[in-house]
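Encoded as structure tokens, the structure appears first; notes follow it.
Numbering (the working numbering), first residue to last: 62 to 276.
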């Protein structure tokens with residue numbers, strides 16, 4: 062009779078009693094940015110689908126920016142509305158990263174209080190490598206004004222955030238001194254996985270192949 066079965070049983074008995082735990086911690090890193098646009102009336106001269114972008118801000122170890130479309134993000138149904146989007150900025154060349162984040166846009170009054178807002182949304186954001194030339198800062202500022210939307214970098218947001226008619230109707234509160242103040246709250250979800258050892262190795266056990274006795 063082959064001795065394979067006893068050898069296999071001995072191997073399993075030797076590898077089975079291992080104590081290890083994996084701790085998964087989920088937390089949110091929160092922050093906000095205020096994007097102030099002086100001269101709202103001038104921005105309405107931009108074509109549908111053209112945007113003005115904020116400067117970079119960092120939350121949760123990632124770079125973000127707010128995209129403001131005064132005449133909608135390009136769809137006909139949004140041409141009479143202001144569209145707002147949150148966008149991940151490019152990361153290192155050849156590297157892609159997905160991150161889940163909750164975002165909420167609101168418009169502030171002259172005292173800095175939220176006077177108009179919509180419920181928070183959650184989306185998965187992807188930032189891809191940006192291999193375009195690193196233009197001087199002054200050119201970057203110029204390109205932000207009237208920059209045309211590209212589908213690959215539109216981010217996530219609200220195409221019909223607020224109707225232009227509603228903005229004008231509440232001009233005294235939302236457009237004091239022809240200034241539009243946009244606040245964006247961001248909460249980045251972080252999932253941290255850390256093994257915890259209870260005095261034993263956390264290495265995954267391997268099953269040995271049985272050996273047959275040699276004759």
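Every residue, glycine too, gets a C-beta built ideally from N, C-alpha and C. All values derive from a computational prediction rather than experimental measurement.
Residue i vs residue j beta-carbon contact at 8 Å
{"i": "residue 118", "j": "residue 244", "result": "no"}
{"i": "residue 95", "j": "residue 242", "result": "yes"}
{"i": "residue 125", "j": "residue 247", "result": "yes"}
{"i": "residue 238", "j": "residue 102", "result": "no"}
{"i": "residue 184", "j": "residue 158", "result": "no"}
{"i": "residue 109", "j": "residue 220", "result": "no"}
Minimum C-alpha distance to residue i - residue among the options
{"i": "residue 123", "options": "220, 186 and 229", "result": "186"}
{"i": "residue 138", "options": "222, 232, 170 and 102", "result": "222"}
{"i": "residue 168", "options": "177, 161 and 160", "result": "177"}
{"i": "residue 12", "options": "182, 82, 172 and 133", "result": "Outside the shown range of the chain (62 to 276) lies residue 12, about which nothing can therefore be said."}
{"i": "residue 180", "options": "163, 106 and 216", "result": "163"}
{"i": "residue 147", "options": "172, 116, 175 and 173", "result": "116"}
Length of the line joining the Cα atoms of residue i and residue j
{"i": "residue 234", "j": "residue 88", "result": "36 Å"}
{"i": "residue 250", "j": "residue 141", "result": "34 Å"}
{"i": "residue 84", "j": "residue 127", "result": "35 Å"}
{"i": "residue 218", "j": "residue 132", "result": "15 Å"}
{"i": "residue 136", "j": "residue 170", "result": "28 Å"}
{"i": "residue 165", "j": "residue 107", "result": "25 Å"}
{"i": "residue 226", "j": "residue 82", "result": "58 Å"}
Whole-number beta carbon distance between residue j and residue i, since they are thought to touch under 8 Å
{"i": "residue 98", "j": "residue 120", "result": "Going by Cβ atoms, the distance from residue 98 to residue 120 rounds to 21 Å, so no, they are not a contact pair."}
{"i": "residue 129", "j": "residue 150", "result": "16 Å between Cβ atoms; not a contact."}
Cross-strand partners of residue i (DSSP beta bridge)
{"i": "residue 158", "result": "188"}
{"i": "residue 243", "result": "96 and 168"}
{"i": "residue 129", "result": "113 and 145"}
{"i": "residue 123", "result": "120"}
{"i": "residue 219", "result": "145"}
{"i": "residue 177", "result": "168"}
Any non-hydrogen atom of the ligand NAP within 7 Å of residue i CB
{"i": "residue 169", "result": "With respect to the ligand NAP, the structure offers nothing, as it holds no ligand at all."}
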